[in-house]
Amino acid sequence: MSDIESGNPIVETRLYGCVVSDSFGQVVLHPSRDAYITTLKQLIDDSYLLCTDLTAVDFLTFGGGEGKSLAQRELPVGIQPERFEVVLNLISLENRTRIRVRVQVPENEPVLPTAFDLFPGSEAMEREVFDMFGISFTGHPDPSRILMPEDWEGHPLRKDFAVGRIPVQFKGAPS
Amino acid sequence: MSSDLIAATAEGAQEMRSRSNLSAKEVLREVGSVLRMTESEAAALSSIDGEANEDQTMIINMGPQHPSTHGVLRIMLELQGEKVLRCKPIIGYLHTGMEKTGEQLTYMQGGTNVTRMDYVSPLNNELVFSLAVEKLLGIDGDIPERAVWMRMLLSELNRMSSHLLFLATNGMDLGSSSMMIYGWREREQVLRFFQKVTGLRMNHNFIRPGGVAADLPAGWRDDVLAILEDLPARLTEYDVLMTNQPIFRERLQGVGVITAQEAVALGASGPIMRSTGLAWDLRRDMPYLKYEEVDFDVIVGSYGDAFDRYAIRLNEIRESMKIVYQILEKMPKGNYRIQDKKVTPPPRARINESMEALIHHFKIFTEGFKVPAGEVYVAIESPRGEIGCYIVSDGSPKPYRIHVRAPSFANIQTLPHMMRNGLVADAVAVISSIDPVLGEVDR
Numbered sequence: 001m002s003d004i005e006s007g008n009p010i011v012e013t014r015l016y017g018c019v020v021s022d023s024f025g026q027v028v029l030h031p032s033r034d035a036y037i038t039t040l041k042q043l044i045d046d047s048y049l050l051c052t053d054l055t056a057v058d059f060l061t062f063g064g065g066e067g068k069s070l071a072q073r074e075l076p077v078g079i080q081p082e083r084f085e086v087v088l089n090l091i092s093l094e095n096r097t098r099i100r101v102r103v104q105v106p107e108n109e110p111v112l113p114t115a116f117d118l119f120p121g122s123e124a125m126e127r128e129v130f131d132m133f134g135i136s137f138t139g140h141p142d143p144s145r146i147l148m149p150e151d152w153e154g155h156p157l158r159k160d161f162a163v164g165r166i167p168v169q170f171k172g173a174p175s
Numbered sequence: 001m002s003s004d005l006i007a008a009t010a011e012g013a014q015e016m017r018s019r020s021n022l023s024a025k026e027v028l029r030e031v032g033s034v035l036r037m038t039e040s041e042a043a044a045l046s047s048i049d050g051e052a053n054e055d056q057t058m059i060i061n062m063g064p065q066h067p068s069t070h071g072v073l074r075i076m077l078e079l080q081g082e083k084v085l086r087c088k089p090i091i092g093y094l095h096t097g098m099e100k101t102g103e104q105l106t107y108m109q110g111g112t113n114v115t116r117m118d119y120v121s122p123l124n125n126e127l128v129f130s131l132a133v134e135k136l137l138g139i140d141g142d143i144p145e146r147a148v149w150m151r152m153l154l155s156e157l158n159r160m161s162s163h164l165l166f167l168a169t170n171g172m173d174l175g176s177s178s179m180m181i182y183g184w185r186e187r188e189q190v191l192r193f194f195q196k197v198t199g200l201r202m203n204h205n206f207i208r209p210g211g212v213a214a215d216l217p218a219g220w221r222d223d224v225l226a227i228l229e230d231l232p233a234r235l236t237e238y239d240v241l242m243t244n245q246p247i248f249r250e251r252l253q254g255v256g257v258i259t260a261q262e263a264v265a266l267g268a269s270g271p272i273m274r275s276t277g278l279a280w281d282l283r284r285d286m287p288y289l290k291y292e293e294v295d296f297d298v299i300v301g302s303y304g305d306a307f308d309r310y311a312i313r314l315n316e317i318r319e320s321m322k323i324v325y326q327i328l329e330k331m332p333k334g335n336y337r338i339q340d341k342k343v344t345p346p347p348r349a350r351i352n353e354s355m356e357a358l359i360h361h362f363k364i365f366t367e368g369f370k371v372p373a374g375e376v377y378v379a380i381e382s383p384r385g386e387i388g389c390y391i392v393s394d395g396s397p398k399p400y401r402i403h404v405r406a407p408s409f410a411n412i413q414t415l416p417h418m419m420r421n422g423l424v425a426d427a428v429a430v431i432s433s434i435d436p437v438l439g440e441v442d443r
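Protein chains in written order, with this note's numbering: chain A, 1 to 175; chain B, 1 to 443.
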């Protein structure tokens with residue numbers, strides 16, 4: 001991040017006690033799971049009152065599979081990559097800035113404390129993440145499926161959840 | 001069964017506390033908390049008889065097949081007499097796994113997928129997707145001027161057509177079927193222009209990474225001017241028919257009120273947020289395309305009620321017209337898409353004469369183009385609020401993860417707050433004033 005030899009100014013690499021990275025001009029915070037809620041509280045105090053988006057990514061097959069050599073995950077130093085990542089996008093209406101929070105959530109314990117008490121608008125979004133990725137949010141008022149039927153098994157946006165296909169049959173084609 | 005268990009589940013223990021005794025935090029919990037039943041549970045309850053008295057509450061189900069729920073929105077209402085105590089929107093009836101589908105499609109094909117999410121403003125969906133892909137490719141600064149202004153033109157016309165559809169459905173929900181006919185009629189005029197430009201009335205897949213699919217057809221300026229000249233008189237008609245009509249005002253004013261704090265806390269955006277007096281419009285506050293170079297006003301309300309939301313949308317049509325006039329003046333000549341062989345297929349004529357062009361054409365349409373690894377979030381102002389696109393790329397021609405932040409999905413969460421202590425007869429007016437598109441709520 002900072003490079004003294006090349007003459008670039010030293011950038012503050014920690015913000016709100018978190019490791020910081022940059023994504024196309026947007027500030028990205030990488031808090032640990034334990035520091036997640038305290039970080040959000042600090043952000044609220046710093047006028048990031050609007051939680052526009054909360055979603056997750058499953059990194060199970062990232063960077064290859066099938067013999068391809070694709071890019072590996074790029075995470076700042078000190079962040080242990082885990083299978084899941086919960087991504088929040090916050091806006092400060094006062095300063096007209098955006099900030100992104102990315103939290104690593106391990107596969108063997110896909111649990112995160114809820115942000116509902118801080119951002120009530122994350123209620124449906126957390127339910128969607130639970131529905132699609134199976135990440136539970138402790139303290140959530142209604143931890144249930146939101147988009148899929150209630151008796152659905154599995155979490156569709158996980159990478160090990162197969163895509164459904166209907167075979168196409170053409171008229172007159174030999175079967 | 002032990003007597004403790006019976007005591008714990010007896011009616012007394014389950015009784016809801018008086019709502020006046022709740023603290024603000026508990027209220028927030030309550031309105032966002034569990035109030036849902038499966039269809040079979042609800043059917044089993046319907047056979048219970050007994051006389052209703054004033055203390056009893058009733059849970060009824062509205063939708064998903066109710067004509068005024070704009071598609072397949074289902075709402076559970078807890079009623080006391082005619083008063084709505086609580087309500088809970090239940091969604092997912094139109095879920096088709098579009099984000100999962102998006103992971104299987106190349107960046108070339110992705111536009112056809114996202115355009116079907118908010119089917120009332122498809123061009124805005126394509127725009128946000130294209131902007132996100134371009135940012136990942138690092139070509140967001142190299143898009144030709146003409147393409148940028150064309151995108152703005154289409155985006156603003158789409159805002160107009162979307163708001164006209166709102167005026168139509170809002171009128172119909174409130175009992176004015178003539179308003180419905182008028183709204184659809186004006187929208188059709190805009191859609192006819194879209195058909196001339198893109199070939200389709202809806203789901204255009206016209207705005208693509210790198211620019212737009214084709215140049216504007218001959219005579220486009222006259223077509224746009226015809227729309228702009230017809231509309232003001234029609235909007236004045238709407239003012240006579242709806243805005244200034246006492247019955248209509250009575251039906252909307254003071255209904256579905258939401259405060260600015262609530263709107264921010266619930267992540268609402270677009271006309272809902274602006275109706276509370278918060279002047280927040282991404283076109284002005286976080287400009288994209290060339291919105292810095294055009295002059296327009298952000299319309300805000302002051303009461304946060306359904307009438308404000310109606311008036312905001314009506315006047316946003318006028319603002320969009322203002323922007324479109326400026327676009328007509330400033331529309332530059334030039335390329336309509338980037339001349340970058342990586343993302344742009346070769347022109348049709350070259351394929352017949354050049355082997356390389358043919359191979360290039362074949363490769364780009366079968367394999368797609370590779371996008372550097374990274375993650376990006378781009379948001380623009382759609383007619384319904386902030387539409388965002390979050391893409392994680394692993395360097396392959398398909399997005400590793402594509403997530404669309406749908407404005408209606410967040411906006412629908414404000415329903416329980418707007419309906420609290422309102423009348424069940426106003427429920428339709430409140431739903432209509434949110435203007436949800438279920439295609440993007442469920443994705």
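In this text, a Cβ means the ideal position worked out from N, Cα and C, and glycines have one as well.
Relative to Y182(B), the option among A226(B), D173(B), R234(B), V424(B) whose CA is nearest is R234(B).
With a minimum length of 4 residues, the unbroken runs of alpha helix (DSSP H) contained wholly in the stretch 192 to 247 of chain B fall at 220 to 238. When the beta-carbon positions are compared, L54(A) and L75(A) stay at least 8 Å from each other.
Within the stretch 60 to 92 of chain B, the residues whose Cβ lies closer than 7 Å to any Cβ of chain A are, in chain order, I91, G92. Contact with chain B is found for F24(A), since one of that chain's Cβ atoms lies less than 8 Å from the residue's Cβ. In this structure T366(B) is exposed. Its beta-carbon is surrounded by fewer than 16 other beta-carbon atoms within 10 angstroms. As computed with DSSP, R405(B) is found in a beta bridge with G388(B). By the CB criterion at 8 Å, L191(B) and R201(B) fall inside the cutoff. In the structure shown, D140(B) adopts coil according to DSSP, grouped into three states.
Non-local C-beta neighbours of R14(A) in its own chain, meaning closer than 8 Å and more than five positions away in sequence, comprise V20, ordered along the chain.
The alpha-carbon of V133(B) is positioned some 8 Å away from that of I391(B).
For chain A, the residues of the stretch 98 to 110 of chain B that bring a beta carbon within less than 9 Å of one of its beta carbons are E99, K100, T101, E103, Q104, in chain order. The criterion of a C-beta distance shorter than 8 Å is satisfied by T112(B) and N205(B). No residue range can be given for H155(A), since it is assigned to no alpha helix (DSSP H) and is classified by DSSP as neither H nor E. Any Cβ of chain A closer than 8 Å to the Cβ of L266(B) would place that residue at the interface, and such an atom is present. By the criterion of at least three beta-carbon pairs nearer than 8 Å, the stretch 74 to 91 of chain B is not in contact with the stretch 172 to 187 of chain B. The stretch 308 to 322 of chain B and the stretch 108 to 123 of chain B do not touch, with fewer than 3 CB-CB distances between them shorter than 8 Å. Taking 8 Å as the CB threshold, F133(A) stays off the interface with chain B. Between the alpha carbons of E156(B) and R96(A) lies a gap of roughly 23 Å. Residues of chain B whose Cβ lies closer than 9 Å to the Cβ of N89(A) are, in chain order, Y377, A379, G388, Y390, R405.
R127(A) counts as buried, since at least 16 other C-beta atoms from the protein chains shown sit within 10 angstroms of its C-beta. Every unbroken stretch of the alpha helix (DSSP H) spanning 4 or more residues and falling wholly within the stretch 271 to 295 of chain B is given here in chain order: 271 to 275, 282 to 285.
Judged by their CB atoms, R74(B) and G81(B) are not nearer to each other than the 8 Å cut-off.
A Cβ-Cβ distance of about 5 Å is found for the pair V441(B) and F409(B), placing them in contact under the 8 Å criterion. Closest in alpha carbon position to T52(A), among P106(A), S144(A), V101(A), is V101(A). Here S178(B) is exposed: its Cβ has fewer than 16 other Cβ atoms, across all protein chains shown, within 10 Å.
Under the three-state reduction of DSSP output, E74(A) falls in the coil class, being neither helix nor strand. C-alpha of R443(B) to C-alpha of E353(B): approximately 43 Å in a straight line. Among the bridge pairs identified by DSSP, P397(B) is matched with none. In this structure E82(A) touches E107(A) by the C-beta definition: roughly 7 Å separates them, less than 8 Å. With fewer than 16 other Cβ atoms inside 10 Å of its own Cβ, L225(B) counts as exposed. Only buried fits W280(B), as 16 or more other CB atoms lie within 10 angstroms of its CB.
If you ignore the 5 residues before and after L228(B), its C-beta comes within less than 7 Å of the C-beta of M321, V324, Y325, all in its own chain and listed in chain order. The contact set of V103(A) on chain B, defined by CB atoms closer than 9 Å, is empty, because the minimum CB distance reaches about 14 Å. Going by DSSP, Y93(B) is part of no beta strand (DSSP E) at all; its letter is neither H nor E. For G304(B), the closest Cβ of chain A is not nearer than 8 Å.
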